[in-house]
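Novice:
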Amino acid sequence: MGLRIHFVVDPQGWCCMGLIIFVWLYNTIFIPKVILFPHYEEGHISAMAVLCYYFCSLFCITSLLRASIADPGKLPENPKIPLTEREFWELCNKCNMMRPKRSHHCSRCGHCVRRMDHHCPWINNCVGEDNHWLFLQLCFYTQILSSYTLILDFCHYYYFLPLKKDNWDVFVYRHELALLRISAFMGLIILGGISGLFYTQLMGIFTDTTSIEKMSNCCEDISRPRKPWQQTFSEVFGTRWKILWFIPFRQRQPLRVPYHFANHV
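FYI, in my numbering the residues of the sequence shown are 1261 to 1525.
1. With 16 other CB atoms within 10 Å as the buried threshold, where does Glu1389 fall?
2. So Met1308 is in the beta strand (DSSP E); what residue range does that whole segment cover?
3. When you compare each of His1299, Phe1400 and Asn1356 to Gly1453 by their alpha carbons, which one comes out closest?
4. Following the continuous alpha helix (DSSP H) through Val1387, name the residue where it begins and the one where it ends.
5. Quick check on the burial criterion: 16 or more other C-beta atoms within 10 angstroms. Buried or exposed for Gly1278?
6. Which word fits Gln1511, buried or exposed, when buried means at least 16 other C-beta atoms lie within 10 angstroms of its C-beta?
7. Going by C-alpha distance, which of Leu1515, Pro1381, Trp1505 and Tyr1417 is nearest Trp1393?
8. Could you give the distance in angstroms between the alpha-carbon of Arg1441 and the alpha-carbon of His1435?
9. Cβ atoms of Asn1385 and Pro1336: under 8 Å apart, would you say?
10. Only counting the same chain, and skipping five residues up and downstream in sequence, which positions put a Cβ closer than 6 Å to that of Leu1448?
11. Quick check: is any heavy atom of the ligand MG less than 7 Å from the C-beta of Pro1360?
12. Can you give me the C-alpha to C-alpha distance between Asp1468 and Lys1474, rounded to a whole angstrom?
13. So His1379 and Ile1329 are supposed to be a Cβ contact under 8 Å. How far apart are they, rounded?
14. Based on Cα-Cα distance, which residue from Ser1455, Asn1356, Ile1281 and Lys1424 lies nearest to His1371?
Given below as structure tokens:
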């Protein structure tokens, strides 16, 4: 899909990402088998409800995999610095390479990343200029999928009519309550954690500030909102078409905004 592959060798990141994939697989396999398909067969829910669940699941895993292997904005060893922007570049004191301002050196990955927000172990990758939009989509669709799962768990016991036909799978039939309790527990944990993370990410885009800049408190000029929110979101997602902000299958095209734009507006 036009992405440069970026693979981070980090066992801790592999474990965190493996846990996320396990939760996704658990809900993608058992929720349809326990709730969606049985209630659909008996006419309690429509086919649209089943399709919406699978669409949310597909968008969630797509944004996860793409964010984890996408190049976040790694700087080349010998970057070509435009003459008009040389004063807006600086020397990294860790890798002794020139980099644009607002870049940061990731000690875990071992290189500088353009407009790095943070290193996320849950995707085993940095969140930077080129994959920030995928990380936002991951947070968004994870919240939707977790909320949808919790609603289905609740409706199965308190709203839907009792099933007339027993589930054909013996294991699922015998452990139905335990499976749904595990699903609800994981949904609550993930929804709570992701909601807080998604809120901080949105506030960072609204104020045009990365998480590293917030923690360091070294960029008071950047921390002030200087651009309309449509502009900052368009720069992150690489397009001004808002409908494309929700599509994880496309290729991002940078808007070619100069690095020093925020200092001159």
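The beta carbon of each residue, even a glycine, is placed where N, CA and C say it ideally should be.
Specialist: On the basis of the data shown:
1. For the purposes of this step, residue 1389 is identified with residue 129 of the sequence shown, where counting begins at 1. The residue in question, Glu1389, is buried, as its Cβ has 16 or more Cβ neighbours within 10 Å.
2. The residue you call residue 1308 lines up with position 48 of the sequence shown. No beta strand (DSSP E) contains Met1308, which is instead part of the alpha helix (DSSP H) from Ala1307 to Ile1329.
3. If you number the sequence shown from 1, residue 1453 lands on position 193. It is Phe1400.
4. Taking the sequence shown and counting its residues from 1, the one referred to as residue 1387 is at position 127. Unbroken run through Val1387 is the beta strand (DSSP E), Asn1385 to Val1387; no alpha helix (DSSP H).
5. As a first step, residue 1278 must be located in the sequence shown, where it is residue number 18. Classified as exposed, Gly1278 has fewer than 16 neighbouring CB atoms from the shown chains inside 10 Å of its CB.
6. Stepping through the sequence shown from its first residue, residue 1511 is reached at position 251. Gln1511 is exposed by the Cβ-count criterion.
7. The sequence position of residue 1393 within the sequence shown is 133, counting from 1. A check of alpha carbon separations from Trp1393 across Leu1515, Pro1381, Trp1505 and Tyr1417 identifies Trp1505 as the nearest.
8. For the purposes of this step, residue 1441 is taken as the residue at position 181 of the sequence shown. For the purposes of this step, residue 1435 is taken as the residue at position 175 of the sequence shown. When rounded, the distance between both Cα atoms is 10 Å.
9. Within the sequence shown, the letter at position 76 stands for residue 1336. Within the sequence shown, the letter at position 125 stands for residue 1385. No. Outside cutoff.
10. One-based indexing of the sequence shown puts residue 1448 at position 188. Cβ neighbours of Leu1448 beyond the five flanking positions: none.
11. The ligand MG is not among the ligands present in this structure, which contains no ligands whatsoever.
12. Looking up residue 1468 in the sequence shown gives position 208. Looking up residue 1474 in the sequence shown gives position 214. Between Asp1468 and Lys1474, the alpha-carbon positions lie close to 10 Å from each other.
13. Residue numbering aside, residue 1379 sits at position 119 when the sequence shown is read from its first letter. Residue numbering aside, residue 1329 sits at position 69 when the sequence shown is read from its first letter. The pair is not a contact, with the Cβ atoms about 15 Å apart (cut-off 8 Å).
14. What you label residue 1371 is simply residue 111 of the sequence shown in a count that begins at 1. For His1371, the nearest C-alpha among the options comes from Asn1356.
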